[in-house]
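J.: Numbering (this note's numbering), first residue to last: 37 to 499.
We put the beta carbon where it would ideally sit given N, CA and C, even for glycine.
Dropping the structure in here first, questions after.
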């Protein structure tokens with residue numbers, strides 16, 4: 037293949053054989069599959085109170101679960117409805133959750149990052165979106181400086197010029213459009229029809245409104261996709277010139293997500309074909325000037341994610357790569373996950389159960405995890421590799437007083453094999469991920485995942 041992704045391998049089949057296994061995306065470590073119902077709202081409150089006076093800023097995540105139609109590929113927590121009363125009831129309960137949270141957080145901690153995800157955040161109409169942001173501002177100390185990062189995921193089918201203008205006026209400075217694929221046949225197969233012209237117009241409008249960053253998400257591995265069809269999608273997106281392009285691997289898991297069976301009547305690319313599609317994407321995007329920072333993300337060289345990675349300061353949380361300086365993320369809404377110090381906490385996934393907890397005056401936490409010292413050590417190793425593409429053994433020793441080669445002696449043979457394959461460079465000083473290794477970064481991180489064997493069958497394939 038013409039890229040470094042498989043340069044050190046005989047062919048794509050060899051790389052698929054070695055690396056096409058099931059594994060996490062590592063937006064956290066330990067992953068959410070390790071959460072326990074023994075962790076309750078009382079545990080979460082304890083961590084909230086301990087962090088109340090922390091000088092570091094906060095990150096907020098708000099989950100809006102509603103969608104007007106079902107995209108067959110989707111594995112997110114969502115509710116399909118066109119009933120306008122659904123969002124009204126949800127906002128009322130969300131406001132009550134904000135009130136409960138703010139009692140333990142206070143207003144001293146500055147919120148430097150806000151992210152709205154879903155579902156479809158722009159399911160909310162303009163009045164509802166305005167109300168939500170005002171509710172957040174009344175309970176938290178939202179940063180109004182140019183350094184803030186306020187972002188939102190947008191369904192192109194539910195947004196227009198007026199809506200973008202509203203978002204800009206409310207303080208959002210980053211928008212991400214869910215493109216997935218521009219091919220009409222693929223769009224029909226996945227039940228998400230949106231014209232290329234519509235997407236191009238929205239990207240142009242976002243530029244006109246001077247959003248600091250415009251992102252687009254693609255998915256490879258969808259039904260009817262081929263190298264040739266995806267090349268056309270890539271060329272269309274490159275012409276639109278978003279600041280960031282994420283190319284996610286589609287996880288076909290109809291045994292867990294029954295609606296995905298709707299696509300079984302269409303041909304889907306196999307693992308080798310998907311690798312070739314991703315190799316094509318990597319080649320064309322890098323030729324167009326984008327940098328591959330890892331975990332399926334490509335950004336322009338002047339993008340903050342690229343700069344932070346070069347400086348060794350890039351972070352990763354449940355929203356993906358981030359420049360937020362705070363390790364603390366408060367998740368709000370049904371199914372939202374918080375990361376606070378040494379704990380993770382997840383809200384109720386069922387909407388009615390979420391409502392019931394709020395109405396009882398309790399934070400709607402249904403499960404979570406308090407991290408052990410071992411978890412913290414392994415999280416540091418995995419996040420250094422996932423975010424900054426390197427691990428410095430001296431820095432690791434300084435933080436945790438461990439010798440890498442003694443602590444991870446069982447991993448060394450696999451690391452040496454990856455070194456010989458060109459995936460990483462292993463030396464006495466540390467580990468560096470190569471350009472080829474960025475395509476299999478999840479696999480490298482998996483070497484340090486102590487609980488992987490317990491849940492491997494529940495994850496999607498890495499290739």
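Ignoring anything shorter than 3 residues or poking outside the segment 387-430, list the beta strand (DSSP E) runs there in chain order.
T.: As far as the segment 387-430 is concerned, its whole beta strand (DSSP E) runs of at least 3 residues are 401-406 and 426-428.
J.: Ends of the beta strand (DSSP E) at residue 162?
T.: For this step, residue 162 is matched to residue 126 along the chain shown. Run containing residue 162: none in the beta strand (DSSP E); it sits in the alpha helix (DSSP H), 162-175.
J.: I need the DSSP call for residue 479, collapsed to helix, strand or coil.
T.: The residue given as residue 479 occupies position 443 in the chain shown. Residue 479: helix per DSSP, three-state reduction.
J.: Is it buried or exposed, residue 310, if we count other Cβ atoms within 10 angstroms and call 16 or more buried?
T.: Along the chain shown, read from residue 1 onward, the residue named residue 310 stands at position 274. It counts as buried.
J.: With a CB to CB cut of under 7 Å and the five nearest residues on each side skipped, what residues in its chain are close to residue 38?
T.: Taking the chain shown and counting its residues from 1, the one referred to as residue 38 is at position 2. Only weak support is given to the placement of residue 38: the predicted model assigns it a pLDDT of 42, under 50, and the value that follows is read from those uncertain coordinates. Answer for residue 38: 319, listed in chain order.
J.: Can you round the beta-carbon distance between residue 100 and residue 154 to whole angstroms, since I take them to be within the 8 Å contact cut?
T.: Here residue 100 corresponds to residue number 64 of the chain shown, with the count starting at 1. Here residue 154 corresponds to residue number 118 of the chain shown, with the count starting at 1. Yes, they are in contact, since the Cβ atoms of residue 100 and residue 154 sit about 5 Å apart, within 8 Å.
J.: Judging by CA-CA distance, which residue of 325, 308 and 333 is the nearest neighbour of residue 283?
T.: Residue numbering aside, residue 283 sits at position 247 when the chain shown is read from its first letter. When each option's Cα is compared against that of residue 283, the closest is 333.
J.: What is the rounded straight-line gap between the Cα of residue 226 and the Cα of residue 108?
T.: Here residue 226 refers to the residue found at position 190 of the chain shown. Here residue 108 refers to the residue found at position 72 of the chain shown. Straight-line Cα distance between these residues: approximately 5 Å.
J.: Any idea which residues DSSP pairs residue 252 with across the strands?
T.: If you number the chain shown from 1, residue 252 lands on position 216. Its beta-bridge partners are 213 and 281.
J.: Looking only at its own chain, which residues have a Cβ that is under 6 Å from the Cβ of residue 184, when we skip the five neighbours before and after it?
T.: Locating residue 184 in the chain shown gives position 148, where the first residue counts as 1. Around residue 184: 148.
J.: Go ahead and pull the three-state DSSP assignment for residue 181.
T.: Here residue 181 is taken as the residue at index 145 of the chain shown, counted from 1. DSSP places residue 181 in coil when its eight states are reduced to three.
J.: Does residue 46 pass the burial test, meaning 16 or more other C-beta atoms within 10 Å, or should it be called exposed?
T.: On the chain shown, position 10 is the one that residue 46 refers to. Note that residue 46 scores 46 on pLDDT, short of 50, meaning its location in the model is unreliable; the coordinates nonetheless yield the value given after this. Answer is exposed; the Cβ neighbour count stays below 16.
J.: Are residue 202 and residue 166 closer than 9 Å when you measure CB to CB?
T.: Mapped onto the chain shown, residue 202 falls at position 166. Mapped onto the chain shown, residue 166 falls at position 130. Against a cut-off of 9 Å, the Cβ pair of residue 166 and residue 202 comes out as a contact.
J.: When the Cα of residue 217 is compared with those of 208, 207 and 229, which residue comes out closest?
T.: Against the chain shown, residue 217 aligns to sequence position 181. It is 229 whose Cα lies nearest to the Cα of residue 217.
J.: By the DSSP assignment, the beta strand (DSSP E) with residue 149 in it spans what residues?
T.: For this step, residue 149 is matched to residue 113 along the chain shown. Taken as a continuous stretch (DSSP letters only), the beta strand (DSSP E) holding residue 149 covers 146-154.
J.: Going by the CB atoms, is the gap between residue 381 and residue 401 shorter than 9 Å?
T.: For this step, residue 401 is matched to residue 365 along the chain shown. For this step, residue 381 is matched to residue 345 along the chain shown. Contact flag set, yes.
J.: Below 9 Å between beta carbons: does that hold for residue 73 and residue 127?
T.: Taking the chain shown and counting its residues from 1, one reaches residue 73 at position 37. Taking the chain shown and counting its residues from 1, one reaches residue 127 at position 91. No.
J.: So the alpha helix (DSSP H) residue 83 belongs to, where does it begin and stop?
T.: Here residue 83 refers to the residue found at position 47 of the chain shown. Note, residue 83: alpha helix (DSSP H), 77-86.
J.: Whose C-beta lies closer than 8 Å to the C-beta of residue 385 among residues of the same chain, with five residues either side of it excluded?
T.: Taking the first residue of the chain shown as 1, we reach residue 385 at position 349. The answer, listed in chain order, is 113, 370, 371 and 402.
J.: Any contact of the segment 50-69 with the segment 388-395, i.e. 3+ C-beta pairs under 8 Å?
T.: Flag = no, the segment 50-69 and the segment 388-395 do not touch.
J.: To the nearest angstrom, how far is the alpha carbon of residue 139 from that of residue 327?
T.: Here residue 139 refers to the residue found at position 103 when the chain shown is read from its first residue. Here residue 327 refers to the residue found at position 291 when the chain shown is read from its first residue. Approximately 43 Å between the Cα atoms of the pair.
J.: May I ask you to report which of helix, strand or coil DSSP gives residue 125?
T.: Here residue 125 corresponds to residue number 89 of the chain shown, with the count starting at 1. The answer is helix: DSSP assigns residue 125 an H, G or I state.
J.: Compute the Euclidean distance between the alpha carbons of residue 168 and residue 268, then round it to the nearest angstrom.
T.: Here residue 168 refers to the residue found at position 132 when the chain shown is read from its first residue. Here residue 268 refers to the residue found at position 232 when the chain shown is read from its first residue. Their Cα atoms are separated by approximately 38 Å.
J.: Suppose the cutoff is 8 Å on Cβ atoms and the five residues either side in sequence are ignored; what does the same chain contact list for residue 137 look like?
T.: For the purposes of this step, residue 137 is taken as residue 101 along the chain shown, with counting starting at 1. Around residue 137: 84, 175, 366, 368 and 399.
J.: How about the segment 297-313 and the segment 350-357: do they share at least three Cβ pairs that are nearer than 8 Å?
T.: With a cut-off of 8 Å, the segment 350-357 and the segment 297-313 do not count as touching, because too few Cβ pairs lie within range.
J.: If we count Cβ pairs, one from each stretch, closer than 8 Å, do we get three or more for the segment 284-296 versus the segment 254-265?
T.: Short answer: they touch.
J.: Cβ atoms of residue 447 and residue 55: under 9 Å apart, would you say?
T.: The sequence position of residue 55 within the chain shown is 19, counting from 1. The sequence position of residue 447 within the chain shown is 411, counting from 1. Their beta carbons are not under 9 Å apart, which means residue 55 does not touch residue 447 by this criterion.
J.: On the DSSP letters alone, give me the boundaries of the beta strand (DSSP E) that residue 352 sits inside.
T.: On the chain shown, position 316 is the one that residue 352 refers to. From DSSP, the beta strand (DSSP E) with residue 352 extends over 351-353.
J.: If you draw a straight line from the alpha carbon of residue 249 to that of residue 456, how long is it in whole angstroms?
T.: Locating residue 249 in the chain shown gives position 213, where the first residue counts as 1. Locating residue 456 in the chain shown gives position 420, where the first residue counts as 1. Residue 249 and residue 456: Cα-Cα distance of roughly 38 Å.
J.: For residue 436, which residues in the same chain have their Cβ closer than 6 Å to its Cβ, ignoring the five residues on either side in sequence?
T.: By 1-based counting over the chain shown, the position of residue 436 is 400. Closer than 6 Å at the Cβ level, and outside the excluded window around residue 436, lie 413.
J.: According to the neighbour-count rule (16 or more other Cβ atoms, all chains shown, within 10 Å of its Cβ), is residue 42 buried or exposed?
T.: Position 6 of the chain shown holds residue 42. Because residue 42 carries a pLDDT of 45, less than 50, the predicted location of this residue cannot be relied on, and the following value inherits that uncertainty. Result: buried.
J.: How many angstroms separate the CA atom of residue 134 from the CA atom of residue 440?
T.: If you number the chain shown from 1, residue 134 lands on position 98. If you number the chain shown from 1, residue 440 lands on position 404. Using only the alpha carbons, I get a separation of about 42 Å.
J.: If you follow the beta strand (DSSP E) that residue 460 is in, where does it begin and where does it stop?
T.: Counted from its first residue, the chain shown places residue 460 at position 424. Residues 460-462.
J.: Which of the three DSSP states, helix, strand or coil, is assigned to residue 159?
T.: Here residue 159 corresponds to residue number 123 of the chain shown, with the count starting at 1. Helix, per DSSP.
J.: Ends of the alpha helix (DSSP H) at residue 199?
T.: Working through the chain shown from its first residue, we reach residue 199 at position 163. From DSSP, the alpha helix (DSSP H) with residue 199 extends over 197-205.
J.: Candidates 110, 144, 98 and 105: which alpha carbon is nearest residue 129's?
T.: To locate residue 129, count along the chain shown from 1; it is residue 93. Measuring from the Cα of residue 129, the nearest candidate turns out to be 98.
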